[in-house]
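Undergrad:
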Amino acid sequence: MEFKPLSDSFFQQPTITLARALLGKLLVKETELGTVSGWIVETEAYIGPEDRAAHGFENRRTKRTEVMFGPPGYAYTYVMHTHCLINVVSGEIGSPEAVLIRALEPCGGIDLMYQRRGKGKKELELTNGPGKLTKSLGIVKEDYGRAMFEYPLFIAEGKEIGSILVGPRIGIHNSGEAVHYPWRFWVQDNRFVSK
DNA sequence: CGCAGGATCCGCT
DNA sequence: GCGGATCCTGCGA
Numbered sequence: 127m128e129f130k131p132l133s134d135s136f137f138q139q140p141t142i143t144l145a146r147a148l149l150g151k152l153l154v155k156e157t158e159l160g161t162v163s164g165w166i167v168e169t170e171a172y173i174g175p176e177d178r179a180a181h182g183f184e185n186r187r188t189k190r191t192e193v194m195f196g197p198p199g200y201a202y203t204y205v206m207h208t209h210c211l212i213n214v215v216s217g218e219i220g221s222p223e224a225v226l227i228r229a230l231e232p233c234g235g236i237d238l239m240y241q242r243r244g245k246g247k248k249e250l251e252l253t254n255g256p257g258k259l260t261k262s263l264g265i266v267k268e269d270y271g272r273a274m275f276e277y278p279l280f281i282a283e284g285k286e287i288g289s290i291l292v293g294p295r296i297g298i299h300n301s302g303e304a305v306h307y308p309w310r311f312w313v314q315d316n317r318f319v320s321k
């Protein structure tokens, strides 16, 4: 299968809008071992200045958050415990905003996904969580700052999806009032959604 | 330089 | 459901 990256202008929309627009799109990573892809079925928006749960809360600018202050469409990867998570930088230059990709429905390169995740895994366990999907696709912290409108890591046109459901985000219970913000989006009835 | 705290996952109860 | 694994980042001393 061959995929073509969306243009950089796709990422130039408000973070919440982009988080919804990413649903159904394809996330693709190419490596020497092959190409792996999956349809995005779950996202979360993080809007730094006003969002206690975001790493860029109150415009906190560090080496780690730096990429979020730049233009949209670049990868913000970081390590959580033993896992790597991936966000798409969004919003205006100077404002630390991003969309976390939480789950995919496998599209291509499924054999390679099993190889990376371990043989005994079920198909559902390949990509139904933010740390799992990066492992299946071979996304690593070295992808930090990479443009996501160019090979080898990019967003491509996907497929039509059904209804989008909305709810509070996951795993941010120590974030005060931000706990309740309805900034998680997922495709209704898709079994790969993480929760 | 030390330490506390995670946007998680997995296995066991 | 719960706790441990495990490791990087940010901050304070």
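When the letters of the first sequence are read in order and numbered with my numbering, they come out as residues 127 to 321. Glycine residues also receive a C-beta, built at the ideal position from the N, C-alpha and C atoms. Keep in mind that this is a model prediction, so the values were computed, not measured.
#1: So R272 packs on K261, CB below 8 Å; how close in whole Å?
#2: Nearest-angstrom Cα distance between A229 and I287?
#3: I'd like to check one pair, M194 with Y202: are the Cβ atoms closer than 8 Å?
#4: Skipping 5 residues on each side, what residues in its chain have a beta carbon closer than 8 Å to that of V225?
#5: Counting only runs that start and end within the stretch 181-228, where is the alpha helix (DSSP H) found for 4 or more residues in a row?
#6: Pick helix, strand or coil for G144, following the three-state DSSP scheme.
#7: Can you check which of these residues, Q241, G246, G284, is closest to L263 by C-alpha distance?
#8: Can you find at least 3 beta carbon pairs, one from the stretch 185-193 and one from the stretch 289-306, that sit closer than 8 Å?
#9: My output table needs one value for L153: the three-state DSSP class, helix, strand or coil.
#10: Starting from L279, trace the beta strand (DSSP E) in both directions and tell me its first and last residue.
TA: According to the structure data:
#1: Here residue 272 corresponds to residue number 146 of the first sequence, with the count starting at 1. Here residue 261 corresponds to residue number 135 of the first sequence, with the count starting at 1. The distance from the Cβ of R272 to that of K261 is about 17 Å, inconsistent with a contact at the 8 Å cut-off.
#2: Along the first sequence, read from residue 1 onward, the residue named residue 229 stands at position 103. Along the first sequence, read from residue 1 onward, the residue named residue 287 stands at position 161. As the crow flies, the alpha-carbon of A229 is around 14 Å from that of I287.
#3: The count along the first sequence starts at 1 and reaches residue 202 at position 76. The count along the first sequence starts at 1 and reaches residue 194 at position 68. With contacts defined by Cβ atoms closer than 8 Å, Y202 and M194 form a contacting pair.
#4: On the first sequence, position 99 is the one that residue 225 refers to. These residues qualify, in order along the chain: T141, L144, A145, L148, T169, E170, A171, Y172, N213, V214, S216.
#5: Runs of alpha helix (DSSP H) with 4 or more residues, each lying fully within the stretch 181-228, are absent.
#6: Stepping through the first sequence from its first residue, residue 144 is reached at position 18. For clarity, residue 144 is Leu in the given sequence; the question names Gly instead. The answer is helix: DSSP assigns L144 an H, G or I state.
#7: Taking the first sequence and counting its residues from 1, the one referred to as residue 263 is at position 137. Considering only alpha carbons, the answer is Q241.
#8: Taking 8 Å as the limit for Cβ pairs, the verdict is that the stretch 289-306 does not touch the stretch 185-193.
#9: For the purposes of this step, residue 153 is taken as the residue at position 27 of the first sequence. Looking at L153 - three-state DSSP - the assignment turns out to be strand.
#10: Residue mapping note: residue 279 aligns to position 153 of the first sequence, counting from 1. That run of the beta strand (DSSP E) goes 279-282.
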